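A.B. asks: Just so you know, the sequence shown maps onto residues 1 to 523 in full-length UniProt numbering.
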Amino acid sequence: MSSNNDPVAIPVTEVNPSDHPGMDTSDQNILTGEAVLSFHNISYWETVQSGFACCKKTSVIKRLSNISGIMKAGLNAIMGPNYESRSLLLDVLAARKDPRGLSGDILINGEPRPANFTCTSDYVPQNDVVMHTLTVRDNIEFSAALQLPMTMTREEKRGRIKEVLELLHLDEVANVEPRSKELKKRTSIAMELITQHPILFLDDPTTGLDWSTTTYVISVLRRMSRRGRTIIFSINQPPYSIFRLFDSLTLLASGKVMFHGPAQEALEYFKSAGYEYDSHNNPADFFLDIINGGFSALLDTEEDGHDVDKYKELSERQHQVRENLANMYIQSSSYRKMKAELDPLLRELKAGRSSALEITCATSFWHQLQWIICRSFKNCLGFPRATGIQAIITVLLAVIVGTTFLVLRNVCTEVQTRANLLFLLTVFQCFTSMSTGNLFMIDRNRFLHEHTSGYYRVSSYFLGKLLGELVPRRLFPSLTFTVIVFIIAVTVMSLSAFHLLGFLKMSDDQRCSLKLETVPLFY
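1. Have a look at Asp443 and Leu267 and give me their C-alpha separation to the nearest angstrom.
2. State the CB to CB distance for the pair Asp203 and Ser234, rounded to an integer number of angstroms; the pair is presumed to be in contact (CB under 8 Å).
3. Output the distance between the C-alpha atoms of Glu450 and Arg96, rounded to the nearest integer angstrom.
4. Exposed or buried, which one is Trp211 when buried takes at least 16 other CB atoms within 10 Å?
5. Candidates Phe117, Leu209, Glu84: which alpha carbon is nearest Leu107's?
6. Could you give the C-beta distance for Leu422 and Thr404, rounded to a whole number, given that I count them as a contact under 8 Å?
7. Terminal residues of the continuous alpha helix (DSSP H) containing Asn76?
8. Can you name the start and end residues of the beta strand (DSSP E) that Leu252 belongs to?
9. Assuming contact is defined by CB atoms lying nearer than 7 Å, are Gly80 and Leu221 in contact in what I supplied?
10. Contact check, residue 534 vs Leu439 under 8 Å by CB: the rounded distance?
11. What are the uninterrupted segments assigned as alpha helix (DSSP H) that are 4 or more residues long and contained completely in the segment 442-496, given in chain order?
12. Would you check if the distance between the CB atom of Lys184 and the CB atom of Val124 is smaller than 7 Å?
13. Under a three-way DSSP split, which group does Gln28 fall into?
14. Can the beta-carbon of Gly388 be found less than 7 Å from the beta-carbon of Ile488?
15. At the level of alpha carbons, what is the spacing between Gln320 and Leu90?
16. Looking only at its chain, what residues have a beta carbon closer than 7 Å to the beta carbon of Tyr329, apart from the 5 residues adjacent to it on each side?
17. In whole angstroms, give me the CA-to-CA distance for Lys337 and Glu265.
18. Short check: CB of Ser121 to CB of Ile199, under 7 Å?
19. Can you tell which of Leu245, Glu348, Val485, Thr482 has its C-alpha closest to the C-alpha of Asp105?
20. Throw me the rounded Cβ distance for the Ile232 and Thr214 pair, which I believe falls under 8 Å.
21. Compute the distance between the beta-carbons of Tyr461 and Leu146, then report whether it is under 7 Å.
22. Checking 7 Å against the spacing of the C-beta atoms, do Ala73 and Phe201 come in under that value?
23. Hey, how far is the Cα of Ala362 from the Cα of Gln368?
24. How long is the line joining the alpha carbons of Asp98 and Thr47, rounded to whole angstroms?
25. Let me know if Ser333 comes out buried or exposed under the rule of 16 or more other beta-carbons within 10 Å of its beta-carbon.
26. Got a sec, what are the start and stop residues for the beta strand (DSSP E) His367 sits in?
27. Check for me: the beta strand (DSSP E) holding residue 524 runs from which residue to which?
28. With C-beta atoms as the reference, is Leu342 less than 7 Å away from Ser68?
29. Sort Lys378, Asn327, Ala326, Ile291 by Cα distance to Ser315 and report the nearest one.
30. Pull up the CB-CB distance for Thr206 and Asn76, whole angstroms please, since I reckon it's below 8 Å.
31. Note down the Cα distance separating Arg375 from Asp128, rounded to an integer number of angstroms.
32. Locate the beta strand (DSSP E) running through Asp343, then write down its first and last residues.
33. Give the DSSP bridge partners of Phe259, in chain order.
34. Look at the Cβ atom of Thr151, then the Cβ atom of Gly382, and state whether they are nearer than 7 Å.
35. Determine which residues share a DSSP beta bridge with Trp211 and list them.
36. Which runs of the alpha helix (DSSP H) fall wholly inside the segment 172-229 and span at least 4 residues, in chain order?
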């Protein structure tokens, strides 16, 4: 069964203006200034497969149902009891989901979302994709080198990198490898801030962080939002010190909207609906408790009389509460106010939605190849202990196999044994080469994120990965193994050839009197 946590391969078309001298990069759909994102009647169906390989069953599940809203410059939070729902809505808005299951309209400043939206907006995934074998500065420099246009000078890029490092207080740890969760998260955010796109998406940016780091990250995002950036993020049960900084709040459960509007109006909205609020309670916990059915006295005043089927009863109760909350929101003044703001945007829409996403790269193929090779080689150097152990094992194994040729006698009866040995060597090299695919699989999530964001093309990544990691990690050990075995084998063959040459120089009488007992190494 598929999961929303798994990376999704989105069907895209690659366009690299730098590879075509006649194409001006200024013609691309580049978002500038403040951006207002609106979504109208969004529904999303997901295809799910279950069962064994021989009898798989395919079903279509509706994950989002008729969701509408608007998000402007500021902090726009998406909350909900289930990670799947809030993360799915965020990915749909950020164009990180397969558009074939999407219906509805997503507009940017009243216009259809551009085809290269994933390259003109920033996205920070929940699972950090920074390379921990590189330093913080190396990761940010890689992002700047491939995402910033080549028209920028090196000094301008360095100034941008310095600005981002200071903004996130990473300048003091710029030469440190991001091993901790906190440092990985800040580095991941810094890699996306380097482009200064007007819209920034973050998938649960506070997950796994302590309170102080969470507060600091949100405060940095708030400062950025005050500069006119639209920041949209999913979050789970934030403390009040963070919740009070939100500008917009979207409460989502079971694929439906429970509330959407200014965050400071959410508390009054639920209180006006009859829910009692304890002043000592955190508003975020209060909302989630309502959605989960904890404050359902207004809807169901009966007490549980039996302990049988409590889980089923709780599920039914939650479903009923959420259906009532969704219907209550549709009939509320907040919904009518939001629709009054959205309808003019939809009426002025002239062009239709783009049917396919498009990947546009800001740099040329050779520039991407150079930086990918450099990063891949640095990644190899980040494992000195493993590399040393692999080299020692390769040399020892080659010496052992090579000395086997010395043990075997140069007689016809050993020919089959030598053939078996050569066959085993061939099989060993084949099995060693089969693990090459792991070099790409371990970077699958990182590749999907960076390629979709417009870092590089598939061709430059594949070739750079081969040259930067396949050569030092797979080709060099295989060559070393083969050369050592060959040197030992050639030494034995040279001795055999020397004796054969002496035999040919003998007279006929000497040859007849000499009984030949040896043959060349390879028959």
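Yeah, the Cβ is synthetic: ideal placement off N, Cα and C, and Gly gets one too.
Given the structure is predicted, the values throughout are model-derived calculations rather than measurements.
C.D. replies: The structure says:
1. 43 Å
2. 6 Å
3. 12 Å
4. exposed
5. Phe117
6. Not quite, the Cβ-Cβ distance comes to about 11 Å (not below 8 Å), so this is no contact.
7. Taken as a continuous stretch (DSSP letters only), Asn76 belongs to no alpha helix (DSSP H), being part of the beta strand (DSSP E) at 74-79.
8. 248-253
9. no
10. Residue 534 lies beyond the range of the chain shown here (1 to 523); nothing can be said about it.
11. 444-452, 458-465
12. no
13. Because the pLDDT of Gln28 is 45, which lies under 50, any placement of that residue in the model is unreliable, and the question is left without a value.
14. no
15. 25 Å
16. Val257, Met258, Phe259, Tyr335
17. 13 Å
18. yes
19. Glu348
20. Going by Cβ atoms, the distance from Ile232 to Thr214 rounds to 18 Å, so no, they are not a contact pair.
21. no
22. no
23. 10 Å
24. 10 Å
25. exposed
26. No beta strand (DSSP E) holds His367; the alpha helix (DSSP H) holding it covers 365-381.
27. Within the shown structure, residues of the chain are numbered from 1 to 523, placing residue 524 beyond reach of any answer.
28. yes
29. Ile291
30. That belief does not hold up - the Cβ atoms of Thr206 and Asn76 are roughly 15 Å apart, past 8 Å.
31. 17 Å
32. Premise fails: Asp343 lies in the alpha helix (DSSP H), 333-347, not in any beta strand (DSSP E).
33. Leu251
34. no
35. For Trp211, which the question treats as bridged, DSSP gives no partner whatsoever.
36. 181-193, 211-225
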